[in-house]
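**Q**
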Amino acid sequence: MARYLLWRVLQAAVVIFVVTVVVFFLLHQIPGGPARGILGVQATEDQIKAFEHAQGYDQPVPIQYLHYLGRLLQGDLGESFQLNQRVADLIGARLPKTLVLTVLSTLVALLVAIPLGVWQAVRRNRPTDYLLSALTLLIYSTPVFLVGFIFIIVFAINAAWFPVEAPQADTVAGVFADSQALVLPVLTGAGVVLAVFSRYLRSSVVDNLDEDYVRTARAKGASEARIVTRHVLKNSLTSLVAMLGYYLPVLFSGALVTEKLFNYPGMGLLFWNAAQTSDFPILLGVVLIISIATVTGSLLADVAQALIDPRTRRVKA
Amino acid sequence: MSGPTARRLKVFRRNKLAVAGITMLGLLVLFCFAGPLVYHTEQVLTSLADSKLEPGVNGHPLGTDDLGYDLLGRLMLGGQTSLVIGLAAGVLATMIGTLWGTIAGYAGGWVDAVMMRIVDAGIAIPALFLLVVAAAIATPSVPMLILVIGLVSWLVPARLMRAESIALRSRAYVESMKVMGGGSVRAIGKHIIPNAIGTVIVNVTFQIADAVLLVAYVSFLGLGIPPPAANWGGMLSEGLTYAHDGAWWLILPPGLLIVMTVCAFNFIGDGLRDAFDVRFEGR
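Quick mapping for you: the protein sequence lines, in order, are chains L and H. Mapping of the first sequence onto full-length UniProt numbering: residues 1 to 317, in sequence order. Mapping of the second sequence onto full-length UniProt numbering: residues 1 to 283, in sequence order.
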């Protein structure tokens with residue numbers, strides 16, 4: 001177990017390093033450079049040169065990368081060009097709000113997906129199973145923003161049960177205080193992963209029901225309900241937890257779309273606004289934070305799975 | 001006909017949803033590519049006097065959009081773009097992923113470790129965020145969207161093909177070919193990829209479905225292809241901005257066509273997966 005843990009942590013560190021390289025060099029492909037984006041089309045060549053010199057953009061890219069990495073190790077993500085604030089502060093203020101949205105959406109999705117997937121697996125290959133499979137695929141195939149938009153039309157405009165806009169508060173406490181406004185964004189976010197989770201769980205339970213240990217349990221006279229709840233579900237939920245780690249990028253992408261649709265001032269909206277103004281340090285910072293979150297998430301998920309299920313503890317490349 | 005192909009066809013045909021998927025896709029292709037041959041409309045010059053006409057008014061069966069384009073004709077034109085981008089990006093992603101994963105798995109050792117850490121890093125960066133950046137720095141066009149979506153979507157196929165490659169490289173026929181002096185290129189090109197073709201084919205269909213959705217998301221985030229070009233995602237997101245006028249006909253048709261296309265490819269993918277008897281995590 002110790003060897004597996006060491007191997008996985010080392011692997012995660014390498015991946016994060018590769019992410020910094022990829023992201024840094026990718027964003028340096030911006031034509032015209034950030035200077036033009038910040039100073040505008042009317043800036044003179046001299047002004048551009050002065051700005052690039054002040055920001056260190058006139059140095060060779062590999063040198064810039066080393067400087068960037070050095071600052072990063074001190075927790076410095078740079079300063080936003082447009083908002084005149086430290087990127088770390090900007091992200092720090094918005095990340096918790098994005099986490100509120102994604103965590104609540106995931107919980108809602110799991111609450112629906114787990115019973116649905118299990119029920120479908122137990123009654124597999126019957127009309128209700130086919131119907132629900134088609135239904136979850138329909139949800140999967142619908143763009144999230146269309147789902148959210150239908151929610152707005154039906155529940156916010158026609159029925160007026162919920163506000164059209166997400167909570168606008170600055171703090172997490174403020175967001176929860178405005179919980180009425182949180183309902184539609186959370187439901188929309190849940191739509192992103194609900195279909196994926198229930199489809200995954202259905203096939204996982206179906207696979208597990210074919211395993212030898214289930215046959216043994218059946219031979220010993222255990223009821224179908226007991227087999228599913230006591231034996232199969234434990235294995236299937238473990239692999240679902242492991243999958244959650246890998247689905248973090250999907251959840252964050254969903255948050256980007258949901259935050260834009262409901263004007264929820266989280267990290268996704270910050271990122272989207274930064275993309276409109278070529279705010280280079282924010283784009284870099286957000287992508288990096290999300291990547292670190294994803295790598296850490298999959299690491300934790302793998303370790304949790306290894307703790308519960310020794311079969312997954314093999315050291316793999 | 002006999003052999004594996006016939007057996008696969010039989011399994012595929014037994015899957016009613018898969019057959020429905022093929023039928024839907026056939027109708028969609030017919031609508032988008034043969035439709036304009038029968039139903040002629042003006043899709044370049046705007047006609048602002050005819051802006052946002054309701055369905056049925058002035059000989060426009062599905063009404064017109066904010067620029068006065070006939071919506072039915074525009075759905076055909078936009079569908080061509082959406083289908084072409086989805087198809088090309090899905091194929092491109094699968095090609096890159098297949099080569100990358102097969103080589104990594106076949107080489108093993110350090111080459112494999114380095115190649116797969118790059119894949120891990122790519123998976124950690126959400127594709128949509130990369131697309132937003134890419135579209136913010138370059139004006140989106142059809143070739144650019146194909147390239148960018150292809151370049152952010154090859155990671156999952158790479159992982160799947162690596163696993164296939166590792167399983168196949170130690171098979172007796174690959175080993176004996178190496179003993180006879182066959183090189184790595186021959187092993188990968190003639191033996192490993194052809195034997196993992198099921199995984200490749202199933203993956204292409206799922207990749208195309210996801211690419212069609214990605215185009216819609218990119219358009220929603222305001223980074224679609226500018227007019228007079230059209231695509232369903234762009235039409236849908238534009239329609240949403242006129243929802244307060246009650247212009248439902250700008251939203252419903254493109255939305256339905258996107259959902260139908262993505263469903264069709266997923267149904268086909270499910271059927272092919274059963275026919276080739278390959279496993280897909282998360283599907």
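All C-beta atoms, glycine included, are put in the ideal place defined by N, C-alpha and C. Just so it is clear, the structure is predicted and the values come from calculations on it, not from any experiment.
CB G297(L) to CB G254(L), shorter than 8 Å?
**A** By 1-based counting over the first sequence, the position of residue 297(L) is 297. By 1-based counting over the first sequence, the position of residue 254(L) is 254. In this structure, G254(L) does not lie closer than 8 Å to G297(L) by Cβ.
**Q** As a quick exercise: from A13(L), G174(L) and A195(L), pick the residue whose alpha carbon is nearest that of K97(L).
**A** Within the first sequence, numbered from 1, the residue matching residue 97(L) stands at position 97. K97(L) has its Cα closest to that of G174(L), out of A13(L), G174(L) and A195(L).
**Q** Can you find a CB in chain H that lies within less than 8 Å of the CB of L256(L)?
**A** Within the first sequence, residue 256(L) is the residue found at index 256, counting from 1. Chain H contact via Cβ: present.
**Q** Are the Cβ atoms of I208(H) and L87(H) separated by less than 8 Å?
**A** Indexing the second sequence from 1 puts residue 208(H) at position 208. Indexing the second sequence from 1 puts residue 87(H) at position 87. Yes, Cβ-Cβ distance for I208(H) and L87(H) is below 8 Å.
**Q** Please confirm whether W272(L) has its beta-carbon closer than 8 Å to some beta-carbon of chain H.
**A** By 1-based counting over the first sequence, the position of residue 272(L) is 272. For W272(L), the answer is yes, since a Cβ of chain H falls inside 8 Å of its Cβ.
**Q** In whole angstroms, what is the alpha-carbon distance linking G117(L) and L209(L)?
**A** On the first sequence, residue 117(L) is found 117 positions in, with the first residue counted as 1. On the first sequence, residue 209(L) is found 209 positions in, with the first residue counted as 1. In a straight line, the C-alpha of G117(L) is about 13 Å away from that of L209(L).
**Q** For V186(L), count neighbouring Cβ atoms within 10 angstroms of its own Cβ and tell me buried if that reaches 16, exposed if not.
**A** Your numbering for residue 186(L) matches position 186 in the first sequence. V186(L) comes out buried.
**Q** Taking 8 Å as the threshold (beta carbon to beta carbon), is A275(L) in contact with chain H?
**A** Position 275 of the first sequence, counted from the first residue, corresponds to residue 275(L). Yes - at least one Cβ of chain H is within 8 Å of the one on A275(L).
**Q** Against Y217(H), what residues of chain L qualify as contacts under a CB-to-CB distance less than 9 Å, listed in chain order?
**A** Counting from one through the second sequence, the residue named residue 217(H) turns up at place 217. Correct list: P143, V144, F145, S253, L256 and V257.
**Q** If the cut is a Cβ gap below 7 Å, which residues of chain H does L114(L) touch?
**A** In the first sequence, the residue the question calls residue 114(L) occupies position 114. In the sequence under discussion, the amino acid at residue 114(L) is Ile, which differs from the Leu named in the question. Simply none; closest approach about 16 Å.
**Q** Would you list the residues sitting across from D70(H) in a DSSP beta bridge?
**A** Taking the first residue of the second sequence as position 1, residue 70(H) is located at position 70. Its beta-bridge partners are T64(H).
**Q** Apart from the five residues just before and just after L128(H), which ones in its own chain have a Cβ nearer than 7 Å to its Cβ?
**A** Residue 128(H) sits at position 128 when you count from the first residue of the second sequence. For L128(H), where only same-chain residues beyond five positions count, the Cβ hits under 7 Å are Y217.
**Q** What residues from chain L crowd round S117(H), counting only those whose CB sits closer than 8 Å?
**A** Your numbering for residue 117(H) matches position 117 in the second sequence. Rather than Ser, the amino acid found at residue 117(H) in this sequence is Arg. By Cβ distance, chain L contributes Q11, V14, V15 and V18.
**Q** What in chain H is Cβ-close to P249(L), meaning under 9 Å?
**A** As a working note, residue 249(L) is residue 249 in the first sequence. Residues of chain H passing the Cβ test: I123, A124, I125, P126, A127, L128 and F129.
**Q** Note down, in chain order, all residues in the segment 61-81 of chain L with a beta-carbon under 8 Å from any beta-carbon belonging to chain H.
**A** Going along the segment 61-81 of chain L in chain order, one finds no residue with a Cβ nearer than 8 Å to chain H.
**Q** Using the Cα positions of M180(H) and M115(H), report the straight-line distance between them to the nearest angstrom.
**A** The sequence position of residue 180(H) within the second sequence is 180, counting from 1. The sequence position of residue 115(H) within the second sequence is 115, counting from 1. Each residue's Cα considered, the two are about 28 Å apart.
**Q** Rounded to whole angstroms, how far is the Cβ of I292(L) from the Cβ of T238(L), which I believe are closer than 8 Å?
**A** On the first sequence, residue 292(L) is found 292 positions in, with the first residue counted as 1. On the first sequence, residue 238(L) is found 238 positions in, with the first residue counted as 1. I292(L) to T238(L), Cβ: 25 Å. No contact.
**Q** How is M1(H) classed by DSSP in three states: helix, strand or coil?
**A** What you label residue 1(H) is simply residue 1 of the second sequence in a count that begins at 1. With a pLDDT of only 49 at M1(H), under the threshold of 50, the placement of this residue in the model should not be trusted; the figure read from the coordinates follows. DSSP places M1(H) in coil when its eight states are reduced to three.
**Q** Could you compute how far the alpha carbon of G92(L) sits from the alpha carbon of S170(H)?
**A** As a first step, residue 92(L) is located in the first sequence; it is residue number 92 there, counting from the start. As a first step, residue 170(H) is located in the second sequence; it is residue number 170 there, counting from the start. Cα to Cα, the separation comes out at about 50 Å.
**Q** Going by DSSP, name the residue or residues bridged to E79(L).
**A** The residue given as residue 79(L) occupies position 79 in the first sequence. Paired residue(s): R86(L).
**Q** When you compare the segment 25-44 of chain H with the segment 257-266 of chain H, are there three or more beta-carbon pairs, one atom per stretch, that lie closer than 8 Å?
**A** Touching, yes.
**Q** Just checking: is the beta-carbon of S278(L) within a distance shorter than 8 Å of some beta-carbon in chain H?
**A** As a first step, residue 278(L) is located in the first sequence; it is residue number 278 there, counting from the start. Cβ-Cβ to chain H under 8 Å: yes for S278(L).
**Q** Taking contact to mean 3 or more Cβ pairs, one atom from each stretch, closer than 8 Å, check whether the segment 273-281 of chain L and the segment 142-157 of chain L are in contact.
**A** Because the criterion of three Cβ pairs below 8 Å is not met, the segment 273-281 of chain L and the segment 142-157 of chain L do not touch.
**Q** Enumerated in chain order, which unbroken segments of the beta strand (DSSP E) with a length of 3 residues or greater are wholly contained in the segment 95-144 of chain H?
**A** Segments of the beta strand (DSSP E) lying fully in the segment 95-144 of chain H: there are none.
**Q** Expressed to the nearest angstrom, what Euclidean distance is found between the alpha-carbon atoms of E45(L) and I137(H)?
**A** For this step, residue 45(L) is matched to residue 45 along the first sequence. For this step, residue 137(H) is matched to residue 137 along the second sequence. Each residue's Cα considered, the two are about 20 Å apart.
**Q** Please state whether DSSP places S170(H) in a helix, a strand or coil.
**A** Position 170 of the second sequence, counted from the start, is the residue given in the question as residue 170(H). Here S170(H) sits in coil by DSSP.
**Q** Just to make sure I have the definition right: I need the residues of chain L whose C-beta is within less than 8 Å of the C-beta of C255(H). Which are they?
**A** The count along the second sequence starts at 1 and reaches residue 255(H) at position 255. This sequence places Gly at residue 255(H); Cys is not what is there. Within chain L, the residues near G255(H) are T142, P143 and L146.
**Q** Taking Cβ to Cβ, would you say L101(L) is nearer than 8 Å to G285(L)?
**A** As a working note, residue 101(L) is residue 101 in the first sequence. As a working note, residue 285(L) is residue 285 in the first sequence. Against a cut-off of 8 Å, the Cβ pair of G285(L) and L101(L) comes out as no contact.
**Q** If you run the structure through DSSP and keep just helix, strand and coil, what is W161(L)?
**A** Translated into positions along the first sequence, residue 161(L) becomes position 161. Here W161(L) sits in coil by DSSP.
**Q** Going along chain H in order, which residues have a C-beta closer than 7 Å to the C-beta of K260(L)?
**A** Mapped onto the first sequence, residue 260(L) falls at position 260. Residues of chain H passing the Cβ test: L221.
**Q** With a CB to CB cut of under 6 Å and the five nearest residues on each side skipped, what residues in its chain are close to L168(H)?
**A** Locating residue 168(H) in the second sequence gives position 168, where the first residue counts as 1. Once the five neighbours on either side are set aside, the close Cβ partners of L168(H) are I192 and N195.
**Q** Just to confirm, are V205(L) and I125(H) a CB contact at a threshold of 8 Å?
**A** For the purposes of this step, residue 205(L) is taken as the residue at position 205 of the first sequence. For the purposes of this step, residue 125(H) is taken as the residue at position 125 of the second sequence. Not in contact: V205(L) and I125(H) (Cβ atoms no closer than 8 Å).
**Q** Given this structure, state the Cα-to-Cα distance separating V164(L) from I118(H), to the nearest angstrom.
**A** For the purposes of this step, residue 164(L) is taken as the residue at position 164 of the first sequence. For the purposes of this step, residue 118(H) is taken as the residue at position 118 of the second sequence. So the alpha carbons of these two residues sit roughly 41 Å apart.
**Q** For T106(L), would you say it is in contact with chain H, using Cβ-to-Cβ distances shorter than 8 Å as the test?
**A** Within the first sequence, the letter at position 106 stands for residue 106(L). No - not a single Cβ of chain H is within 8 Å of the one on T106(L).
**Q** Should A136(H) be flagged as near chain L, meaning a C-beta pair shorter than 8 Å?
**A** Within the second sequence, the letter at position 136 stands for residue 136(H). At least one chain L Cβ lies under 8 Å of A136(H).
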